[in-house]
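Since the structure comes first, as structure tokens, the remarks are kept for the end.
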């Protein structure tokens, strides 16, 4: 589904990704871990089409298409979804209005009928249950004044509504207390399916107790330094990242 | 044409029309004479004048205009009302090129004591209250356009709401400029008198229907008695060649609360003067403005709030969205008199520039002579937030849709303060369509 080869990306003159290789198949869940500044969030944003990163080398093929030439909205309509670490507050746009506009843009592209108000509300009602979200939040401006937990639930709700093929979760666990983490992680877990791949970026192993990954990768200095199964996350939890760093230093 | 030549033209026009004023009461002719004398002294403002620093009125003085004879052109009432955002079953006075047009107006079934009538008619009857009110608030001695309006005052609207009368339905005043073969000028004059404890909503809606140049120079005097509740709206949809100077002079007595909106959607050159005198303890005003510029439009909002008595408050929020090569100006002056202790004033001006060629000048001006006051001001000029744009696009919204949604969102708090539901809805619909186009 997704093939990343030798991906290099920079912000200004600073190179952040220095040759990422990653293959993600349908239905797989990949966890990406790594110390601060290793390039995890940059990778997620480059895949979603953030324009202030310049890709300087490498290719990304998604469902047979050259992803890097596509606009952010084209990627979203083709099934890529980024759950933001810091969802943006947009005063003046109601969450419901936004969700409906997004869903209909995606449905239109996929050749489906746009949903009318009634059908949309029925869908939302069902999907809010997944993340135990208070429906009253939906009438408020998008993310404005939402708590950290509410913002993250809203991200997962959007994912549930837009039904992506490839979900990128950027530190969805950050800033959440234990209860909120459990709810959000279960919501994500329920969205696993054989057609949907996920890339879960996290600092901590605890999220992976709920969303058990098929593969774990360690990113360091803009490269995938280590890959393994779910047990690699446990190893990192107990040993930290220093051993990965020294192995990387020896290798390059 | 030079500005002096242009000034002479107005003076000559005043002299030539002397015979038509013979029937007017003497107090009115004295007021007109005082107006033209002020104009002669002041002349057209130049950008050296601090209050006109960012606005050249050359488009006004460099063209010759004539007063229309008032013959309504073949205009369709339904279309006029719809364009002016006016409900078909509303109370309304409609003016075409400054002249009252009864067949488009509707004032049946007003509550007892409420008067909504044309100024020309009120002047013909020479009703006593006019001479002690008209021209007593708009300062023709200070402002050239108020002086011109005063000199050429003929028609407009008079609204009187008696004490303790709660008028729930809005009153619309519609001013249509229909430029034809000649460049028309109109000087609508509006007098609004609200008795103590009364409530009213008044909408002035200005539209231009043809493509030719014209100049609409309107002056409104509004007097809010003690404990009145007033909403005043000025909605401008002048045409691409339309020039508009609109002046609101409001004086509020004790406990009076005025919310005044200025919504400018189009026009080649638009200048709004809003001056509110908080002339009683506990009086309060809320000034809301929304201005949308495009092409080569120039929109200047000049506001002045005078805290003349203690414990009065003013809250001001003006927002501008400027596209194309348009130019926005906001000047917010707040004067707190020496005795106006415990005054509370807050002023905010925010601007969104949608194009590289759009520009805005924003200037707060505080003059505070009392020592126990709370005053704050802030202004911003910015572009659409790239983080917000990316967020929306990452959910599948196209770039244009994301931009229009964020522009709409930027205006939403000002629009949300419009309390007349049908007006707010029409404006919302207009904005959605407009931002899709931009």
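Residue numbers (our numbering), protein chains in the order written: chain A, 129 to 380; chain B, 1345 to 1782. Ideal placement from N, C-alpha and C gives every residue a C-beta, glycine not left out.
### Query
Could one say the Cβ of residue 201 of chain A lies closer than 8 Å to chain B's Cβ atoms, at least one of them?
Output row for residue 201 of chain A: interface = yes.
### Query
Can you list, in chain order, the residues of its chain whose CB lies under 6 Å from that of residue 1637 of chain B, leaving out five sequence neighbours each side?
So the list reads 1643, 1666, 1670 and 1672, once near-sequence residues are dropped.
### Query
Looking at residue 162 of chain A and residue 107 of chain A, is the spacing between their C-beta atoms short of 8 Å?
Here chain A comprises residues numbered 129 to 380, so residue 107 of chain A is not present and cannot be evaluated.
### Message
Considering only the alpha carbon of each residue, which of A:155, A:142 and A:247 lies closest to residue 342 of chain A?
### Response
For the residues A:155, A:142 and A:247, the minimum Cα distance to residue 342 of chain A belongs to A:155.
### Message
For residue 1555 of chain B, which residues in the same chain have their Cβ closer than 8 Å to its Cβ, ignoring the five residues on either side in sequence?
### Response
Within the same chain, and ignoring the five residues on either side of residue 1555 of chain B in sequence, the residues whose Cβ sits closer than 8 Å to its Cβ are 1523, 1583, 1584 and 1585.
### Message
Please report the straight-line C-alpha distance between residue 292 of chain A and residue 1559 of chain B, rounded to a whole angstrom.
### Response
Going by the C-alpha atoms only, they are around 56 Å apart.
### Query
Which of the three DSSP states, helix, strand or coil, is assigned to residue 1383 of chain B?
Helix, per DSSP.
### Query
At a CB-CB cut-off below 8 Å, which residues of chain A make contact with residue 1735 of chain B?
Proximity of chain A to residue 1735 of chain B at the Cβ level (cut-off 8 Å) is accounted for by 212, 215, 216 and 218, in chain order.
#### Entry: Extent of the continuous alpha helix (DSSP H) run through residue 359 of chain A
It spans 359–367 - the alpha helix (DSSP H) in which residue 359 of chain A sits, taken as one unbroken run.
### Query
Closest by CA to residue 1681 of chain B, which one among B:1711, B:1704 and B:1695?
The shortest Cα separation from residue 1681 of chain B among B:1711, B:1704 and B:1695 belongs to B:1711.
### Task
Find the nearest neighbour of residue 1377 of chain B within the set B:1732, B:1492 and B:1550, judged by alpha-carbon distance.
With distances taken between Cα atoms, residue 1377 of chain B lies closest to B:1492.
#### Entry: C-beta atoms of residue 1513 of chain B and residue 1434 of chain B nearer than 8 Å
Residue 1434 of chain B is positioned such that its CB atom lies closer than 8 Å to that of residue 1513 of chain B.
### Query
From this set, A:212, A:248 and A:238, which residue's C-alpha is nearest residue 227 of chain A's C-alpha?
Distance from the Cα of residue 227 of chain A is smallest, within the candidate group A:212, A:248 and A:238, for A:248.
### Message
Run through chain A and tell me which residues come within less than 7 Å of residue 1731 of chain B, C-beta to C-beta.
### Response
Within chain A, the residues near residue 1731 of chain B are 216.
### Task
Tell me, please, whether the CB atom of residue 259 of chain A is closer than 8 Å to any CB atom in chain B?
Judged by the 8 Å Cβ criterion, residue 259 of chain A is not in contact with chain B.
### Message
For residue 312 of chain A and residue 285 of chain A, I'd like the C-alpha separation in whole angstroms.
### Response
Residue 312 of chain A and residue 285 of chain A: Cα-Cα distance of roughly 9 Å.
### Message
Can you look up residue 276 of chain A in the DSSP assignment and give me helix, strand or coil?
### Response
Residue state, collapsed to three classes: helix.
### Query
Under the rule that 16 or more other beta-carbon atoms within 10 Å means buried, what is residue 1362 of chain B, buried or exposed?
Taking all protein chains shown into account, residue 1362 of chain B has fewer than 16 neighbouring C-beta atoms within 10 Å of its C-beta and is therefore exposed.
### Message
So residue 1753 of chain B contacts chain A; which residues on that side make the cut at Cβ distance below 9 Å?
### Response
Taking the beta carbon of residue 1753 of chain B as reference, the chain A residues within 9 Å of it are 218, 219, 220, 221, 269 and 270, listed in sequence order.
#### Entry: Any 3 or more C-beta pairs closer than 8 Å across the region 265–285 of chain A and the region 188–200 of chain A
In short, these stretches do not touch, since the Cβ pair count stays below three.
### Task
Count the C-beta pairs between the region 1458–1474 of chain B and the region 1616–1623 of chain B that are closer than 8 Å, then say yes if the count reaches three, no if not.
With a cut-off of 8 Å, the region 1616–1623 of chain B and the region 1458–1474 of chain B do not count as touching, because too few Cβ pairs lie within range.
### Message
DSSP three-state label for residue 341 of chain A, please.
### Response
In the structure shown, residue 341 of chain A adopts coil according to DSSP, grouped into three states.
### Task
Enumerate in chain order the residues of its own chain whose CB-to-CB distance from residue 309 of chain A is below 6 Å, with the five nearest sequence positions on each side excluded.
Counting only Cβ-Cβ distances below 6 Å, and skipping sequence neighbours, we find 301.
#### Entry: Runs of alpha helix (DSSP H) wholly within the region 197–268 of chain A (minimum 4 residues, chain order)
The alpha helix (DSSP H) runs lying completely inside the region 197–268 of chain A and spanning 4 residues or more are 200–205, 223–237 and 245–258, given in chain order.
### Message
Assuming residue 1503 of chain B and residue 1515 of chain B are in contact, meaning their beta carbons sit under 8 Å apart, how far apart are those beta carbons, in whole angstroms?
### Response
Confirmed, about 6 Å.
### Query
Using 8 Å as the limit for Cβ to Cβ distance, is residue 266 of chain A near chain B?
It does not: the Cβ of residue 266 of chain A has no partner Cβ on chain B nearer than 8 Å.
### Message
I'd like to know if residue 1698 of chain B contacts chain A, where contact means its C-beta is closer than 8 Å to some C-beta of that chain.
### Response
No, its Cβ sits nowhere closer than 8 Å to a Cβ of chain A.
### Query
Mind checking residue 1674 of chain B: buried by the 16 CB within 10 Å criterion, or exposed?
So residue 1674 of chain B counts as buried.
### Query
Counting pairs of beta carbons, one from the region 1690–1700 of chain B and one from the region 1730–1738 of chain B, are three or more of them closer than 8 Å?
Note that the region 1690–1700 of chain B does not touch the region 1730–1738 of chain B; fewer than 3 beta-carbon pairs, one per stretch, sit closer than 8 Å.
#### Entry: Test item: CB-CB of residue 1389 of chain B and residue 1488 of chain B under 8 Å
Inclusion of residue 1389 of chain B and residue 1488 of chain B in the CB contact set at 8 Å is warranted, their separation being smaller than that value.
### Task
Could you say if the region 195–208 of chain A and the region 173–187 of chain A meet the contact criterion of at least three C-beta pairs nearer than 8 Å?
Output reads yes: the region 173–187 of chain A touches the region 195–208 of chain A.
### Query
Based on Cα-Cα distance, which residue from B:1517, B:1767 and B:1393 lies nearest to residue 1450 of chain B?
Comparing Cα-Cα distances from residue 1450 of chain B to each of B:1517, B:1767 and B:1393, the minimum goes to B:1517.
### Query
Along chain A, in chain order, which residues have C-beta atoms closer than 8 Å to that of residue 1743 of chain B?
The answer, in chain order, is 199 and 201.
### Task
Closer than 7 Å by C-beta to residue 170 of chain A: which residues in its own chain qualify, once you throw out the five before and the five after it? Chain order, please.
In its chain, beyond the 5 residues on either side, 137, 144, 145 and 181 have a beta carbon closer than 7 Å to the beta carbon of residue 170 of chain A.
### Task
Have a look at residue 1662 of chain B and residue 1721 of chain B and give me their C-alpha separation to the nearest angstrom.
Cα to Cα, the separation comes out at about 12 Å.
#### Entry: DSSP beta-bridge partners of residue 1505 of chain B
Answer is B:1538.
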